[in-house]
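My numbering puts the first residue of the sequence shown at 17, with every later residue one more than the last.
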Amino acid sequence: MKRFAALLLLSLSPVALLAAVTGTWLRRVPEEDHRRHDPYLGQTTAIAAGRQLFQHNCTPCHGFDAMGRYGRPSLRSVRIRRATDGDLAWMLQHGDPFKGMPPWSSLPDQQRWQIIAYLRTLPPIGKPMPR
C-alpha cells in the first residue's frame, strides 16, 4: 500500500501536487454543489447527531478537537471555515485522494449534512472547544 501511494505521488503533475497542498481542491467543486446549503444548519438535534458521527468517523485523522492529526488538516482552519456548506458536502462525498481523505459516500446524505452542521459550531483555531 505504501509503495502504491509513493507511485501515485510520483505520477502526479506539479499542478496536481500544488493543488493538494494549498487547498485548491475547492476549485474542483462544481458550481452547483458549491451553492448548496446545509438543511440542518443550526438544528440542535442535527448538531448532536453530527458530533457523534464526527467522533465515530473523523477523529482518527482530525482529532476530537478537529485540529488535525498525523499531518491531516485542522477542520477549524480559515480555509475550512470559508468553504461553503456545499464545498464541504462535496468533499465528504468525494474525498481527496491527494491528501488521504477517503470518500464518505457510504454515509447517507443526511449524516454528511449533520457532520457539516456540527463542524459549523466549532470555534476557530486559537479558541477553546466548548465542553
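Backbone N, C-alpha and C define an ideal beta-carbon position, used for all residues, glycine too.
According to the DSSP assignment, phenylalanine 70 belongs to the alpha helix (DSSP H) that extends over 60-73.
Inclusion of glutamine 109 and arginine 95 in the CB contact set at 8 Å is not warranted, their separation being larger than that value. Membership of methionine 145 in any alpha helix (DSSP H) is not indicated, and neither H nor E is assigned to it by DSSP. The beta carbons of aspartate 103 and histidine 53 sit no closer together than 8 Å. When DSSP states are grouped into helix, strand and coil, methionine 83 belongs to the coil group.
Judged by their CB atoms, glutamine 130 and leucine 69 are nearer to each other than the 8 Å cut-off. As DSSP reads the structure, methionine 117 sits in a beta bridge with Asp112.
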